[in-house]
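Participant: Protein chains in written order, with the UniProt record's numbering: chain A, 1 to 324; chain B, 1 to 324; chain C, 1 to 324; chain D, 1 to 324.
Where a beta carbon is used, it is the ideal one built from N, C-alpha and C, also for glycine.
Sharing a structure with you now.
Number of protein chains: 4
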Amino acid sequence: MKKIAVFTSGGDSPGMNACIRAVVRTGIYRGLEVYGINRGYEGMIEGDIKRMHSHSVSNIIQRGGTMLKSARSMEFRTPEGRKKAYDNLSALGIEGLVAIGGDGTFTGAKVFYEEFGIPTVGCPGTIDNDIYGTDFTIGFDTAVNTALDAIDKIRDTAAAHDRIFFVEVMGRDAGFIAIECGIGGGAEFVMVPETKTDLGKVVKSLKGLRKSKSSSIIVVAEGDELGNAEEIMGMIKQKIKDPTKEFKVTTLGHIQRGGTPTAQDRVLGSRCGMGAVDGLLAGKTNCMSGVMNNELVYTPFAECIGKTKPLHPDHLSLLDILSI
Amino acid sequence: MKKIAVFTSGGDSPGMNACIRAVVRTGIYRGLEVYGINRGYEGMIEGDIKRMHSHSVSNIIQRGGTMLKSARSMEFRTPEGRKKAYDNLSALGIEGLVAIGGDGTFTGAKVFYEEFGIPTVGCPGTIDNDIYGTDFTIGFDTAVNTALDAIDKIRDTAAAHDRIFFVEVMGRDAGFIAIECGIGGGAEFVMVPETKTDLGKVVKSLKGLRKSKSSSIIVVAEGDELGNAEEIMGMIKQKIKDPTKEFKVTTLGHIQRGGTPTAQDRVLGSRCGMGAVDGLLAGKTNCMSGVMNNELVYTPFAECIGKTKPLHPDHLSLLDILSI
Amino acid sequence: MKKIAVFTSGGDSPGMNACIRAVVRTGIYRGLEVYGINRGYEGMIEGDIKRMHSHSVSNIIQRGGTMLKSARSMEFRTPEGRKKAYDNLSALGIEGLVAIGGDGTFTGAKVFYEEFGIPTVGCPGTIDNDIYGTDFTIGFDTAVNTALDAIDKIRDTAAAHDRIFFVEVMGRDAGFIAIECGIGGGAEFVMVPETKTDLGKVVKSLKGLRKSKSSSIIVVAEGDELGNAEEIMGMIKQKIKDPTKEFKVTTLGHIQRGGTPTAQDRVLGSRCGMGAVDGLLAGKTNCMSGVMNNELVYTPFAECIGKTKPLHPDHLSLLDILSI
Amino acid sequence: MKKIAVFTSGGDSPGMNACIRAVVRTGIYRGLEVYGINRGYEGMIEGDIKRMHSHSVSNIIQRGGTMLKSARSMEFRTPEGRKKAYDNLSALGIEGLVAIGGDGTFTGAKVFYEEFGIPTVGCPGTIDNDIYGTDFTIGFDTAVNTALDAIDKIRDTAAAHDRIFFVEVMGRDAGFIAIECGIGGGAEFVMVPETKTDLGKVVKSLKGLRKSKSSSIIVVAEGDELGNAEEIMGMIKQKIKDPTKEFKVTTLGHIQRGGTPTAQDRVLGSRCGMGAVDGLLAGKTNCMSGVMNNELVYTPFAECIGKTKPLHPDHLSLLDILSI
């Protein structure tokens, strides 16, 4: 293998730049030529590909976003689109790919590999942490700390006014961000897609809790089965029927995707990126480079996409106990 | 004057604790007994008042929110409510008041002073900066920096995807936060209540700009005359009619009210608090202690409430020029 | 077991408050009375012990430092001191202890348990991460992120001036902080106590690197075998002998011990705290409650103190490869 | 005037990039060609000058440091050096200069203008705030907030251990940073070059204070007439002679120069930059564009360099009163 290319795809996440940097520098260190593909599969189809050098990735490890940009590509879902992409890579002599992204990215990579056979290793870049085959995804820790910082700020004002706040965090299918910043933020309740939310219990607690507590914060993952934060607040407000209680909603939104990555995300991104290149050189393909139990591991794309990563039961216990 | 009391009222803002601390310590330094009233006018009516010492305000200068809590009081708007409040203060021998808050707080303080004659000096505690008689209000700088940090994060992800983001910041009647974080965040446009928003110009620019710009951020004050960010985005989307452009809205909400105060807010809060006590001792009343042109000044409540503080024309020019 | 007490000892670390909160609330949740001992073993000897309730630990999870304060006790190293401590605990009927701290804390706890038999479980509270029996210690992640933030700031000014910066971080016997923030900060070199520093290689690289690099950052753990950052800079300066190169040293010092804890430290502190109480109730003693491979585990104090936790070889490789 | 050039010189400061951006975009907006000179006077001599476009300054407003780099030039102090610089500018047809920096930068600019007559307007870029002709310098607010954040962290650990901390901040000739972060950080004492430090009073207070205070923080400007923090701590330690008291020093160093600029520094940098270009176009020269009492003003270089900006007496009072 002489030439490899790296790209980011799907939703961006903090730490992707650290990962790109590691791919580029490990590749060069191992004697490879490394190329960067702009805007994911879209750029692959358009041939938006450039040679990368060691200095191309100087001073980016601390930047949020992705220097290679990202996009969602409709055309790559068609055989014609993928053929164009393959032709562009072939023309440059690219013999290996590193795909940084989440579920959708790996699904595309799997199909592409199975059709055209260019060896491909993935790196788990998404804030949601919902990818099997790695304990944490690149960007998760930063997103959690951003959400936590917001919760700390909201608690200041919630406490000043004895208010009940609903904070909606990202997580369409998974509650990892919600659980983590809920524990860390001292939330009274956390509502996640993975567990059935018992509204009666929440209402009962909120009525009772208010005597000793100066404020209450309820963290809601956007994908909770009962609805989003606004909707859930509506239900609870109606059941509590107490005009003296003030309810407020804050939806954190896209601030969770940006920002300077934390140490953990930079190190994890670096490690997965190095692992991806070394994996390609060792003959790995159609799999993801992740970190489990502090060791680099490779998991087939099929498992990463197909298996569900469960919330840890200890975390659910902590929430129940610590909000008393 | 032997005994004074301090309270916070209305929306809380970062730096209120620094102000309380300065009132308490300046009072003690000048030989006074100082009392703290919890939850603003509500606590005044309920007699929720406690003696404060130098150590009562230790280690609070860096905290967001207000250690005396805040509330909006309906009862204080009635003569009976105010009579109860007066009786409670009289019973304790309180001879002077420091009222930390905004427009509503000062309106209440003015009425109360005119009815019962307890000397009262205010301190401008609100994130909105919309109070005449002080160049900046306590909490404004922190709110702007919080909003700016959010915009920086959003730009990371906006740039990764070539998106157009609408960021809604606080400011029901005033655009100070929007203008300041718009300039600081390199926003393409800022929409504020004080100026008429020219939607046609924005649409035209957005269509043109996109060739050289990788992303666009539009900051909207919640009180813009065209509507909130969601509504304005709807109008623009409809006029641009380009399905390849992605539009997103983020409403920053209550995170702007909390958080560790900046240096400026701590120093300003300290200075206004000291000024309020020294003002009371010098016979001032029915006025606010603010800082204009870096000097402590006292402005009658009537002016603080009645006069409008305009946006600086230089700031409006900066926005036009720097977004090219 | 009906009554337990918790204390913090040795150097404080961010997340200790989250741990105290978890001990108090888990204890109460399980039906125990919980006491807090001020200033570690010193307060135990002086009988500075107070009952703690659920609200005693409200609103502390986000605070740095330790609400129970810490101290280093000479008297506890004497049999007489320990006897006094035991008598105070006995008088209150304390039947179990949770000791939050590092090596020194556990050494004291082990001796105390072996002499007086009060069941004791420890929690790993130290920024250094040098305790066997847990993947991370409480406070490590915050310290690393604080150091990383400082390195990011220094890189801004280093890059503006083409300078070589030596940044000294904490770590008398262990290089965990240095390695982690070195990888995350994109450092050119990291010098740690665990590995022999090859000065010749550094000098050679610094001479060579400067053509393509705009600045160089070298992270030095305070306990590196060659000396501290100031001393190492002196050696290198002398060998490079190039008056056009500017060398600077920054010693981060105690800022690494303070600050709002990160999500990871709050969650880890909470989990270890819960684990310590549940451990006591399950009959554990003379051991530490830690988290390895994302599972709660108990490790005898003897091992925590006696065994060395090694740096991960992957991290050392990353440093070599990514600084090219 | 058709062509202007901008450069940064001397110590870098956060907000310089915002200023460069404003110069470039205002220049282009007004129909000029704008050039950037790398590494200050050094690059002027070497002819390291490049054309700048609107997109050249995209996405830099939030970055610390200076994209044009800075340097201190010995050669520019010689007539030959300045002649070379002039020849390079002439060759490109540069008719106006914007010099961003501090005292040294303006001294050089003044001499250069007087010798060669190229109109020059300065912008006050330095963290020290010690330039006459502007209420604040670009970078001061960020430096203060960085120092304040460090003090907050140190207070966490100081409070946990009842320690006395000496924190040294930048300020060789001026105490602005020290005063501002001393008030904001709730310091017990602040020692600055402008006032005589009364060591006896400090010692007396420290002995007395310790009963009610859990910790003490003393902020020292590096240029205090008694010495640096380490030296002053030595003197105090010797006078207090109390082995139970722990004294610690932290020297914040270069972290104060870097980091993401605050809103104030970005807005101030933008405003001064716009003012510099508009000043050149209006025929101003040999002067600095600053902001006093919230209005843009131009002050002759001779005054900026020659006059001293005093500390505000209110700030000195605040320190005395609020540390009780």
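#1: Taking only beta-carbon atoms, is T308(B) less than 8 Å away from chain A?
#2: Helix, strand or coil: which one does DSSP assign to V111(B)?
#3: Is it buried or exposed, S13(C), if we count other Cβ atoms within 10 angstroms and call 16 or more buried?
#4: Counting only C-beta atoms, is A178(D) closer than 8 Å to chain B at any point?
#5: Starting from H312(A), find everything on chain C with Cβ-Cβ shorter than 7 Å and list it in chain order.
#6: Taking 8 Å as the CB-CB limit, is T285(A) close to chain B?
#7: Do the CB positions of T146(B) and G259(B) come within less than 8 Å of each other?
#8: For K207(D), which residues of its own chain have a beta-carbon under 8 Å away from its beta-carbon, when the five flanking residues on both sides are left out?
#9: Please decide whether T197(C) counts as near chain D, where near means a Cβ-Cβ distance under 8 Å.
#10: For M274(D), report the span of its alpha helix (DSSP H) as first-last.
#11: Where I127(D) and N293(D) are concerned, what is the direct C-alpha to C-alpha distance, given to the nearest angstrom?
#12: Would you be able to state if there are at least three C-beta pairs under 8 Å between the stretch 131-148 of chain D and the stretch 157-166 of chain D?
#13: Chain B partners of R70(A), CB-CB under 7 Å?
#14: Answer with buried or exposed for Q238(D), where buried requires no fewer than 16 other C-beta atoms within 10 angstroms of its C-beta.
#15: Just the Cα atoms here: how many angstroms apart are S70(B) and K196(D)?
#16: Check whether the Cβ of R210(D) lies closer than 8 Å to any Cβ atom in chain C.
#17: Pick helix, strand or coil for R210(D), following the three-state DSSP scheme.
#18: For a test of the three-state rule: what should DSSP assign to T244(C), helix, strand or coil?
#19: I'd like to know if A99(B) contacts chain A, where contact means its C-beta is closer than 8 Å to some C-beta of that chain.
#20: Near E225(B), what residues of its chain come up, given a Cβ to Cβ distance below 8 Å and the 5 sequence neighbours on each side ignored?
#21: Would you kindly work out how many angstroms separate the C-alpha atoms of E168(A) and G64(C), rounded to a whole number?
#22: Does the stretch 242-255 of chain D touch the stretch 123-137 of chain D, meaning 3 or more C-beta pairs lie closer than 8 Å?
#23: According to DSSP, is A160(B) helix, strand or coil?
#24: List the residues of chain B whose Cβ lies closer than 8 Å to the Cβ of R51(D), in chain order.
#25: What three-state label does DSSP hand residue 331(C) in the structure shown?
#26: Roughly how far, in whole angstroms, is the beta-carbon of K3(D) from the beta-carbon of E95(D), given that I think they are within contact range, below 8 Å?
#27: Name the chain C residues whose beta carbon is nearer than 7 Å to that of I255(D)?
#28: If you run the structure through DSSP and keep just helix, strand and coil, what is S4(B)?
#29: List, in chain order, every chain C residue whose beta-carbon is nearer than 8 Å to that of N129(A).
#30: Using the C-alpha atoms, what's the distance from Y35(D) back to R210(C)?
#31: Could you tell me whether the Cβ of G108(C) comes closer than 8 Å to any Cβ of chain D?
#32: If the criterion is Cβ atoms closer than 8 Å, does the pair A174(C) and N228(C) meet it?
#33: Using the DSSP secondary-structure output, state which residues sit across from K171(C) in a beta bridge.
#34: Under the rule that 16 or more other beta-carbon atoms within 10 Å means buried, what is E188(D), buried or exposed?
#35: Verify the CB distance criterion: does G65(C) have a CB-CB separation below 8 Å to chain D?
Facilitator: This is what the structure gives:
#1: no
#2: helix
#3: buried
#4: no
#5: N294
#6: no
#7: yes
#8: I240 and D242
#9: no
#10: A263 to L281
#11: 19 Å
#12: no
#13: The sequence shown places Ser at residue 70(A), rather than the Arg named in the question. The answer, in chain order, is A160 and H161.
#14: exposed
#15: 42 Å
#16: Low confidence applies here, because R210(D) scores a pLDDT of 49, under 50, leaving its location unreliable; read the following figure in that light. No, its Cβ sits nowhere closer than 8 Å to a Cβ of chain C.
#17: With a pLDDT of 49 at R210(D), under the threshold of 50, the modelled position of this residue cannot be trusted; read the value that follows with caution. Of the three classes helix, strand and coil, the one that applies to R210(D) here is coil, per DSSP.
#18: coil
#19: no
#20: P193, K196 and T197
#21: 26 Å
#22: no
#23: helix
#24: Per Cβ cutoff of 8 Å: no residues; R51(D) is ~16 Å from chain B at best.
#25: Examination of residue 331(C) is not possible in this model, given that chain C is present from 1 through 324 alone.
#26: 6 Å
#27: A150, K153, I154 and T250
#28: What sits at residue 4(B) in the sequence shown is Ile, not Ser. Strand at I4(B).
#29: In chain order: nothing, as chain C lies at least about 12 Å away.
#30: Here the model assigns R210(C) a pLDDT of 49, short of 50, so the residue's position is not dependable and the matter cannot be decided.
#31: no
#32: no
#33: The question names Lys, but residue 171(C) in the sequence shown is Gly. Per DSSP, none; premise fails for G171(C).
#34: buried
#35: yes
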